[in-house]
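*Asks:* Sharing a structure, written as structure tokens. Questions coming.
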Amino acid sequence: MVEINQVSSQEKIRVWKVDGFEGVVTPLLLKKDPSLKSYIESGGYKALEKALSMNPDQIIEEVKKSGLRGRGGAGFPTGVKWSFIPKEAPRKFLVCNADEGEPATFKDRYIITFVPHLLLEGMMISGYAIGTRELFIYIRGEYWYETEILKRAIEEATEFVKSKFNFDVSIKLMQGAGAYIVGEETALLNSLEGKRGHPRPRPPYPAQKGYLGYPTCVNNVETLSYVPFIIDRGADWFKSIGTEKSTGPKLFCISGNVKRPGLYELPMGFPLKKFIELAGGTDCGKSIKAVIPGGTSAPPLTPDEVEKATLDFESMASFGAFLGTASVVVICECQNIARVGRIMAKFYAEESCGQCTTCREGTRFIEYLFEKIEQGHATEFDIETLKDVSSHLPGSAICAHVDAGSLPAKKIAFSFTEEIYKQIKYNNKK
């Protein structure tokens, strides 16, 4: 494996090259050069040149055929999402969601830091496919270092494609104010319009009525960054990697109790246990207690489930979890599972926009119950209440924030009950 270090926002960034699987994004990341010159030397913007010689419908069909699914969490088929944008609309928009606020997730940040032109080329191709040259990037407020990189890259890219391909495109960059909830696409659109970042009721969906009331397609950074490879190498190449329903290579983050945390590019369907081994195994030498497979909104897996799970949408769904942002967090035996639950619950309680009562009050109540358990003040009734509340909250609000705040709690309450009960009994004996 090869490690690279680069200071970004006062942190060290680590990208790992995996023996036996080179990937396509990894070689670009390893160059550590975000300039236009470096990107062109690596074959950059050739996919855009090819795309401009194609009919927009051909591009959409190629992406559909590739099986590319959204890499921001939901996993919705990208080509299908593009096809929802009405052709006859007088005005349309493409918005890149770079508001990467999910705890333990940093893949989009790496792309922006080291290879911003890959994202911009993907955006241009995608915008051309849906019939718009009005593009937006909404970036997380804390990404000030990455914002400066993007500003320079946008200036370089727009000038280059205009002179090289006579392709005039507008790319506007907006920096958020730090709210996690605007990662939800309709809340993002409200923020983009200068409104309070609250999720909108759906329908209408953004493809029908999005930014300024016009049809809008919102795609994740990583999703857009794989589009140039699909156009350049073809859908069949992309489909040859991964599984039947979860195709292509994918960027995976890993952190927590592992020796080599960082970013890895792997084929979809890669065994979760093998991924943890690639990352050096647990850093404390103890066995695994749980693994969060897709960012902190994903329910944690038990050790038995980790043995069987693979990194794809279908496998995760079979365990009642989801791939989400593909951000794996390893939790070893030395950790208190109630504390893990409390930390996650606290995040979602604090980041709730407060618009929906069930989310505003429910997430705080879950945090309160975990705090009681962790401190040893809980009773058996509190644990049963945690099970009941976390089972009824999902699907009760406008957006999925309440699901993110309750589904991990539900999994902990039902799958780690014995440990929680032991903790209560131990503390009650004191």
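For the sequence shown, the residue numbers in my numbering are 22 to 451. For every residue, glycine included, the Cβ atom is placed at its ideal position computed from N, Cα and C.
How far does the beta strand (DSSP E) with Asn76 in it reach, from first residue to last?
*Replies:* Asn76 -> no beta strand (DSSP E), and no H or E assigned at all.
*Asks:* For Asn278, which of helix, strand or coil comes out of DSSP?
*Replies:* Note: Asn278 maps to coil in three-state DSSP.
*Asks:* Tell me where the beta strand (DSSP E) around Lys193 begins and ends.
*Replies:* Where Lys193 is concerned, the enclosing beta strand (DSSP E) stretches over Ser191 to Gln196.
*Asks:* According to DSSP, is Leu209 part of a helix, a strand, or is it coil?
*Replies:* Of the three classes helix, strand and coil, the one that applies to Leu209 here is helix, per DSSP.
*Asks:* Apply the 10 Å Cβ neighbour rule to His413 and answer buried if 16 or more other Cβ atoms are within range, or exposed otherwise.
*Replies:* Flag for His413 reads exposed.
*Asks:* Would you give the residue range spanned by the beta strand (DSSP E) that Cys238 belongs to?
*Replies:* Residues Thr237 to Asn241.
*Asks:* Rounded to whole angstroms, what is the Cα-Cα separation between Ser436 and Pro98?
*Replies:* Going by the C-alpha atoms only, they are around 31 Å apart.
*Asks:* Name the DSSP bridge partner or partners of Glu155?
*Replies:* In DSSP, Glu155 forms a bridge with Ser191.
*Asks:* In the region 67-145, which residue ranges form an unbroken alpha helix (DSSP H) of at least 4 residues, counting only runs that do not cross its ends?
*Replies:* Entirely contained in the region 67-145, the alpha helix (DSSP H) runs reaching 4 residues are, in chain order, 67-73, 77-87, 99-104 and 128-135.
*Asks:* Tell me which same chain residues have a C-beta within less than 6 Å of the C-beta of Ile158, skipping the five on either side of it?
*Replies:* Excluding residues within five positions, the ones whose Cβ falls inside 6 Å are Cys117, Ala119 and Leu194.
*Asks:* Check whether the Cβ atoms of Ser318 and Ala208 lie closer than 8 Å to each other.
*Replies:* Cβ atoms of Ser318 and Ala208: not closer than 8 Å.
*Asks:* Less than 8 Å between the beta carbons of Val279 and Ile297, yes or no?
*Replies:* Against a cut-off of 8 Å, the Cβ pair of Ile297 and Val279 comes out as a contact.
*Asks:* Check whether the Cβ atoms of Glu142 and Gly234 lie closer than 8 Å to each other.
*Replies:* Taking 8 Å as the Cβ cut-off, Glu142 and Gly234 do not qualify as a contacting pair.
*Asks:* If you follow the alpha helix (DSSP H) that Pro429 is part of, which residue opens it and which one closes it?
*Replies:* Residues His422 to Ser436.
*Asks:* When the Cβ atoms of the region 303-312 are set against those of the region 349-364, are three or more pairs found closer than 8 Å?
*Replies:* Cβ pair count under 8 Å is three or more, so yes.
*Asks:* At a cut of 8 Å, does the region 367-375 reach the region 400-413 through at least three beta carbon pairs?
*Replies:* As far as the Cβ criterion goes, the region 367-375 does not touch the region 400-413, which means the pair count is below three.
*Asks:* Going by beta carbon distance, what residues of the same chain come within less than 7 Å of Thr379, once the five residues before and after it are set aside?
*Replies:* Cβ neighbours of Thr379 beyond the five flanking positions: Leu414, Ser417, Ala418 and Val423.
*Asks:* Can you tell me whether Gln79 is buried or exposed, with buried defined as 16 or more other CB within 10 angstroms of its CB?
*Replies:* Exposed.
*Asks:* Would you kindly check if the distance between the Cβ of Gly197 and the Cβ of Ile160 is under 8 Å?
*Replies:* Yes, they are a contact pair.
*Asks:* Using three-state DSSP, classify Leu344 as helix, strand or coil.
*Replies:* Note: Leu344 maps to coil in three-state DSSP.
*Asks:* The alpha helix (DSSP H) spanning Glu286 covers which residue range?
*Replies:* Run containing Glu286: none in the alpha helix (DSSP H); it sits in the beta strand (DSSP E), Gly283 to Pro288.
*Asks:* On a CA-only basis, which of Pro270, Lys230 and Ala125 is nearest Val248? Give me that one, please.
*Replies:* Of the candidates Pro270, Lys230 and Ala125, the one whose C-alpha sits nearest the C-alpha of Val248 is Pro270.
*Asks:* Please state whether the Cβ-Cβ distance between Ala366 and Thr346 is less than 8 Å.
*Replies:* No, these two residues do not count as a Cβ contact at 8 Å.
*Asks:* How long is the line joining the alpha carbons of Leu49 and Tyr131, rounded to whole angstroms?
*Replies:* Near 11 Å, if we compare the C-alpha coordinates of Tyr131 and Leu49.
*Asks:* Helix, strand or coil for Gly263? Go by DSSP, reduced to three states.
*Replies:* Residue state, collapsed to three classes: strand.
*Asks:* Looking at the unbroken alpha helix (DSSP H) that takes in Val410, where does it start and where does it end?
*Replies:* Glu401 to His413 is the span of the alpha helix (DSSP H), which, as asked, contains Val410.
*Asks:* With Pro227 and Glu243 assumed to form a contact (beta carbons below 8 Å), what rounded beta-carbon distance in angstroms separates them?
*Replies:* Not a contact, Cβ separation roughly 19 Å.
*Asks:* Under the rule that 16 or more other beta-carbon atoms within 10 Å means buried, what is Ala338, buried or exposed?
*Replies:* Classification of Ala338: exposed, given that the 10 Å Cβ count is below 16.
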